[in-house]
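What follows is a short report on a single structure.
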């Protein structure tokens, strides 16, 4: 069985969980001419915080000589001041969202386990889903603040919801 874990760059997964559960999401930024249906760079901004959660994906094969590739999520926290020029991005402010639960979404098929999504839930059971898109490197978002198409690599109902990093399923 090949495992393709969520990559967290220079950030510890626990720090990402703390950011998501301890701060309100107030906006996002994506490159101009892209949408939340398919974007190669999603940046999430939080209230009273200079930390930005950067989301994208990557792909890998099962390593058995097959051409089939599987997407996995990439998350990293960076300071807003280190984002550089933002003139090629569109920022959208949203009504602040406080999450009370966060879990990962896993694609388990063909002897491959790929951690390909993140599910964030509010106290009112409203959800924000970030998952891999069919285009390599891209993510797609399903949320109340976005009325466009949710276009995941793997259908949401075919994914398993699991706990993050030994944490209880929040």
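Residue numbers (the UniProt record's numbering): 1 to 170. Glycine residues also receive a C-beta, built at the ideal position from the N, C-alpha and C atoms. Source: prediction; values computed, not measured.
Taking the Cβ atom as the reference point for each residue, do residue i and residue j lie within a distance shorter than 9 angstroms?
i, j, result
"residue 154", "residue 128", "no"
"residue 138", "residue 61", "no"
"residue 21", "residue 95", "no"
"residue 38", "residue 140", "yes"
"residue 164", "residue 13", "yes"
"residue 126", "residue 161", "no"
"residue 146", "residue 73", "no"
Alpha carbon to alpha carbon, what distance is there between residue j and residue i?
i, j, result
"residue 79", "residue 50", "6 angstroms"
"residue 158", "residue 107", "7 angstroms"
"residue 6", "residue 114", "8 angstroms"
"residue 133", "residue 152", "5 angstroms"
"residue 3", "residue 92", "35 angstroms"
"residue 156", "residue 150", "10 angstroms"
"residue 118", "residue 130", "5 angstroms"
"residue 102", "residue 84", "29 angstroms"
"residue 40", "residue 46", "20 angstroms"
"residue 23", "residue 48", "8 angstroms"
"residue 170", "residue 142", "Residue confidence is low: residue 170 scores 39 on pLDDT, short of 50, so the model does not pin down where it sits. No coordinate-derived value is stated."
Give every residue of the same chain whose Cβ lies closer than 6 angstroms to the Cβ of residue i, excluding the five residues on either side of it in the sequence, and list them in chain order.
i, result
"residue 76", "9, 11, 54"
"residue 168", "Confidence is the limiting factor: at residue 168 the pLDDT is only 44, short of 50, which leaves the residue's position unreliable, though a coordinate-based value still follows. Excluding positions up to five away in sequence, the list is empty."
"residue 34", "none"
Which same chain residues, not among the five before or five after residue i, have their C-beta less than 8 angstroms away from its C-beta?
i, result
"residue 16", "8, 53, 75, 77"
"residue 88", "31, 32"
Report the option in the options whose CA atom is closest to the CA atom of residue i.
i, options, result
"residue 90", "32, 140, 5", "32"
"residue 1", "145, 163, 64", "64"
"residue 82", "145, 43, 102, 66", "43"
"residue 124", "110, 131, 144", "144"
"residue 116", "18, 59, 34", "59"
"residue 66", "112, 27, 41", "112"
"residue 28", "68, 69, 86", "86"
"residue 110", "46, 69, 136", "69"
"residue 136", "45, 84, 71", "71"
Starting from residue i, follow its DSSP beta bridges and name the residues at the other end.
i, result
"residue 117", "105, 131"
"residue 27", "45, 93"
"residue 56", "74"
Indicate, with yes or no, if the ligand MN has a heavy atom lying under 8 angstroms from the CB of residue i.
i, result
"residue 61", "This structure does not include the ligand MN; it has no bound ligands of any sort."
Starting from the C-beta of residue i, find all residues in its chain whose C-beta is less than 7 angstroms away, skip the five residues before and the five after it, and write them out in chain order.
i, result
"residue 148", "35, 36, 37"
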